[in-house]
Structure formats: C-alpha cells, structure tokens
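Notes to accompany the following structure.
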Amino acid sequence: MACRIERSVLSFFITAAKREDAYNLYARNGKRWMNISADYSYTIRNLHVFGETAMDKEGRIALLNGMLLSVDTRVDLSLLHRYIPPSYQTVNGNAFTESSAPSNEHGLFAGMVIRPAVGWKIDAYMDIYRFPWLKYQVDLPGRGADYLLQLTCNLSKQVEIISRLRVENKQANRPDNQTVTNIPVMIRKQGWRTQVSSRLNRGTTIRSRVEIIWYDKSGDNPESGFLFFTDCIYKPLMQPYGVALRFQVFETQGYNARIYAYENDVAFSYSIPGFYDKGFRYYLNLSYDLGKKAGIWLRWAQTVYPGKLSVGTGSDEIVGNKKSELRLQFQYIF
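Numbered per the numbering used here, the sequence shown spans residues 109 to 442.
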C-alpha cells in the first residue's frame with residue numbers, strides 16, 4: 109500500500125478579486141491560497157484501489173476514489189467516483205473531471221475493456237455527472253453524460269481498423285433567451301469515427317480517417333460536420349530523413365459541428381486544430397538528422413476555403429481564401 113501527503117501554498121503579488129457574477133460565487137480571492145491532499149493506492153491480486161482527499165484553505169473537502177479490476181484475462185473494469193463541491197477551490201489542481209477546473213462537480217465514471225478474440229478489442233465507458241452550482245453560460249445547476257463505444261480490429265500485424273461512436277449530452281443557456289433567468293437546454297452531440305492504418309513496409313505507413321459529427325441544441329438549428337484525411341508517413345530504417353504528408357477535406361454547417369484532428373509537427377510540438385466551414389487542407393513535414401547532436405525540421409501547411417474572400421477575423425484576418433503556415437526548426441545539443 110502506498111500513501112502520500114502533499115501541501116501546496118501559492119502567494120500573489122496583488123490581491124486576487126473575484127468577479128461579481130452569480131456563477132463565480134465560490135471563486136477564490138485574496139493574496140494567498142493553500143491546498144492539502146492525501147492520496148493512497150493499494151493492490152490485492154487482480155484489484156487495484158486508489159483515491160485522494162483534498163482540503164483547501166477554508167477547510168472545504170473534495171473526494172476522489174476509484175478501482176481497477178481484472179475480472180478475466182479478457183475483461184477489465186474501471187470505476188471512479190468524484191465529489192468536488194462548488195465551494196472547494198484550487199489554483200493548480202488537476203483531476204478527472206468534465207470541467208477544466210476541479211470544482212463544482214459530482215460524477216461517476218465506469219469503463220470496460222473486452223478482448224473477445226485475438227486481434228479484437230472493445231472499449232466502452234459512461235461518465236454521468238452533475239454540477240451543483242451555476243457555471244459559465246449555464247444559469248442553473250446542470251447535469252450531463254458522456255458515452256463511448258470503440259471497436260479495434262487488427263486484421264494482421266500490418267493493418268489496424270478503429271471505429272468508435274461517442275454521444276455527449278450537456279446543458280447550456282439558450283442564446284436567444286428573453287426571460288430573466290435563462291433556462292438551460294440539453295445539447296446532444298454525437299460523433300462517429302473510423303480509422304484504417306496500414307503499414308506497407310518497415311518504413312511506410314498509410315493512415316485514413318473519416319469522421320462525422322451531429323450537433324443538436326434541443327432541436328434549435330441542428331448542425332452536422334464531415335472530415336476525411338489520408339496520411340502517408342515515410343521513415344526508412346537506418347536513414348536520417350523522414351517525410352509526412354496529409355491531404356484533408358472537411359465541411360460543417362457551423363462552428364458547433366467543428367471537428368478536431370491531430371497533426372504531426374516539428375520536433376517536440378504538435379497541434380490539434382478544429383475545422384469548420386468548407387474547405388481542404390494539406391501539409392508536408394520534412395525531417396533530417398544531422399548526426400547525433402543536430403537535426404532540422406521543416407513544415408508547410410495550407411488550408412483553402414473555396415469561394416471565400418477572406419479568412420479569419422480582426423487582427424487575424426487574411427485577404428483571400430487561403431491560410432498558409434511555414435515552420436523551420438533547427439536543434440543542436442551542446
């Protein structure tokens with residue numbers, strides 16, 4: 109069994125003052141903040157339990173407890189419960205939560221992994237949560253749920269297929285509300301993604317993905333989106349150079365149906381941009397090792413929006429329908 113106690117103290121040069129918004133009622137203020145936490149973990153046979161209890165400067169307590177259980181060589185289960193009251197506040201805290209900050213959330217997560225046969229795997233989870241107090245752009249205590257089902261199939265050592273369905277329900281204010289209190293409505297977002305990866309040889313991999321998003325805010329102007337890309341990654345063995353190419357097309361009915369896609373970048377960097385509207389994108393990454401201590405990377409990317417007269421807004425506005433990016437990175441290790 110392992111146990112640990114930590115204490116974190118943070119001081120500011122000026123007094124932090126909270127904004128006078130209803131959802132900000134419990135926000136921290138002052139020039140000094142402190143958190144104390146104690147965590148544990150214990151393993152017995154095929155069961156692993158873990159958790160953490162935290163307390164802030166005002167004595168408000170947050171709890172997180174979970175377990176991992178191997179029911180069989182082919183079945184694994186996970187369970188995690190979180191109780192974080194709206195009054196609990198932390199500056200640099202991080203926890204398994206739906207919100208970006210660990211506060212104002214009670215939830216239960218349950219996951220399962222099944223390996224029914226060689227080369228096949230099923231992943232599934234559900235995360236049900238509620239917010240006891242108001243949130244930004246949610247004027248009443250709310251609730252939500254997140255569900256995922258994913259199938260992975262390795263047809264051979266060279267070919268892998270991953271297909272998943274995700275459904276997310278959460279509440280938000282109506283943008284066209286005319287009443288004193290904005291009664292939140294349920295937002296339903298569904299996504300389906302399938303990706304096929306094929307290793308042609310030891311140095312070449314082809315990867316293709318198709319993804320569709322459906323966004324519905326209680327039947328008010330529903331939106332949908334589509335994205336497809338193909339990658340070609342070439343990194344021959346015992347050679348100093350590498351090449352990564354991508355061609356992508358996308359089309360969405362609005363910003364709410366935007367689709368995110370991970371992109372390779374220069375060394376020690378990556379990007380996950382969100383795509384909306386209608387267009388296509390391509391990029392080229394080149395790398396070359398200049399010995400054991402040096403390397404050089406070049407990346408060029410361009411997004412084209414057919415029929416548009418400008419791209420972006422404000423200081424980021426570009427005249428024309430193309431947005432281009434160029435990066436050059438050189439590294440030398442002393």
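Note that beta-carbon positions come from the ideal geometry of N, C-alpha and C, so glycine has one too.
Option nearest residue i by Cα separation, candidates the options
{"i": "F438", "options": "H214, W405, S379, A365", "result": "W405"}
{"i": "V117", "options": "A124, T198, A125", "result": "T198"}
{"i": "A375", "options": "Y349, M142, F334, S395", "result": "S395"}
{"i": "R101", "options": "R310, D324, P283, F358", "result": "Within the shown structure, residues of the chain are numbered from 109 to 442, placing residue 101 beyond reach of any answer."}
{"i": "A110", "options": "E160, R140, F121", "result": "E160"}
{"i": "I113", "options": "N143, F121, F120", "result": "N143"}
{"i": "G399", "options": "D373, K386, Y440", "result": "Y440"}
{"i": "D184", "options": "N202, L155, V221, A170", "result": "V221"}
{"i": "D328", "options": "D284, T181, F334", "result": "D284"}
{"i": "S119", "options": "R140, L133, A125, Y134", "result": "R140"}
{"i": "A365", "options": "Q410, S326, W322", "result": "W322"}
Residue i, DSSP secondary structure in three states
{"i": "A203", "result": "coil"}
{"i": "N443", "result": "Since the first and last residues shown for the chain are 109 and 442, residue 443 lies out of range."}
{"i": "G227", "result": "coil"}
{"i": "G422", "result": "helix"}
{"i": "A135", "result": "coil"}
{"i": "Y237", "result": "strand"}
{"i": "A130", "result": "helix"}
{"i": "N173", "result": "strand"}
{"i": "N277", "result": "strand"}
{"i": "Y469", "result": "The structure shown does not extend to residue 469, since the chain is modelled only from 109 to 442, so the question has no answer here."}
{"i": "N143", "result": "strand"}
{"i": "Y363", "result": "helix"}
{"i": "D247", "result": "coil"}
Neighbourhood of residue i by C-beta distance below 6 Å, restricted to the same chain and skipping five residues each side
{"i": "Y370", "result": "I380"}
{"i": "R315", "result": "S305, D339"}
{"i": "Q361", "result": "E331, S332"}
{"i": "R301", "result": "R272, E319"}
{"i": "W408", "result": "L392, L434"}
{"i": "Y233", "result": "G219, L256"}
{"i": "F337", "result": "R317, R354, Q356"}
{"i": "M175", "result": "V157, L187"}
{"i": "G420", "result": "I426"}
{"i": "F217", "result": "L188, D235"}
Neighbourhood of residue i by C-beta, 7 Å cutoff - its chain only, sequence neighbours within 5 removed
{"i": "V427", "result": "S418"}
{"i": "K416", "result": "N429"}
Chain-order list of residues whose beta-carbon lies under 8 Å from that of residue i (same chain, five-residue window excluded)
{"i": "K243", "result": "Y131, S207, N212, G250"}
{"i": "W228", "result": "L259, T260, C261, N262"}
Measuring CB atoms only, is the stretch 124-135 touching the stretch 149-159, in the sense that at least three cross pairs come out at less than 8 Å? no
With a cut-off of 8 Å, do at least 3 Cβ pairs link the stretch 280-296 to the stretch 306-314? no
As an exercise, report each continuous beta strand (DSSP E) stretch of at least 3 residues that is fully enclosed by the stretch 293-326, in chain order. 293-309, 312-325
Taking contact to mean 3 or more Cβ pairs, one atom from each stretch, closer than 8 Å, check whether the stretch 240-252 and the stretch 273-284 are in contact. yes
So, do the stretch 353-362 and the stretch 383-392 have three or more beta carbon pairs nearer to each other than 8 Å? yes
Please go through the stretch 383-437 and give each complete beta strand (DSSP E) segment of 3 or more residues, from N-terminal end onward. 386-397, 402-412
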